[in-house]
Each structure stands twice: as C-alpha cells, then as structure tokens.
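Residue numbers (my numbering): 248 to 414.
Here's what the structure looks like:
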C-alpha cells in the first residue's frame, strides 16, 4: 500500500482524545484487512482515490484563483475609475470608505492562498487520502464489530414460545 497508516496519523485524526489500545487495535485490523486482500486497499483503488482527490484539490485551487483574479481586477477598476465613496454606518456611527481596497485585498489574499495551496498540494493529497482510507476502514470495522456483537448476543436466546390466543 502506498499510504502507510501510522499511529501518528490516527492521533492527528482523534480530535485530542486518543487511546493507545484503540489505535493498536485499529492498526491490527488494518493488517488483517491487508492479509485478506480487501479490495479497498488494492493499489488500483488507492490510485483511483488519489486521482479523484487530486482532481478535487486542483479544481478548488483553480476556482479560488479565478475568483481572486476577478476580485483583484474589480478592485483595481473601482480604484482607478471612481472617486472614493464615503458612508457612515447609522448603527455604529463608523465611517466606511469604498475605494476598491477591500476587493484588492481579498483578491490578493485568494491569489496568495492558491499559490501556497498549489505548492503544498502533494502534502494535502497525502493527508486527504489517508483520512479517506482511515474513515472507510473505521466504517468497515464498525460494521464487522456490530455483526460479531449481534452473533454473540443471539447465542443464548431461547426459542420463543407460542402463546395461545384467548377468546
């Protein structure tokens, strides 16, 4: 498997509450699933999951980059074309000056954020794929444990007696 899940990965995704025996049990479950050749852990499925996740990441980067360019362009257009507009918020009595600076700052921050995300896209990809694999395997583990719990509970059941109807 290309993405090896470690105890550190489980601790990162535990939201601050982590038990070593639970993590060890889950890692043991992952090893069992690898030995049983779970189709979800196959290289083909992991590659498909990786491609889908990378496509989503790139799509988000391009979308927010385009929004940043449009916002920056609009801010420059307002800044160079119109005179500054002054207004006062009637509730707070705080002055508001619109000269295109807010769209310029929003556009620049979106563009810088997209550039940073583009540089870090491989790290984001590893994190997201591991998260999806862990989430799916935890779901499988819950399903298997609930099935075994039901089998254990039902072993001591007595056969139901037929009640006679009262007339």
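Glycine is no exception: its CB is placed at the ideal position from the N, C-alpha and C atoms.
Asked, Found
"Just to confirm, is the Cβ distance from residue 316 to residue 365 under 7 Å?", "no"
"Near residue 257, which residues of its chain fall below 6 Å by C-beta distance, leaving aside the five closest residues on each side in sequence?", "270"
"Rounded to a whole number of angstroms, what is the C-alpha to C-alpha distance between residue 388 and residue 289?", "17 Å"
"So what does DSSP say about residue 335, is it helix, strand or coil?", "strand"
"Apply the 10 Å Cβ neighbour rule to residue 268 and answer buried if 16 or more other Cβ atoms are within range, or exposed otherwise.", "exposed"
"Grouping DSSP H, G and I as helix and E and B as strand, with all else coil, what is residue 343?", "strand"
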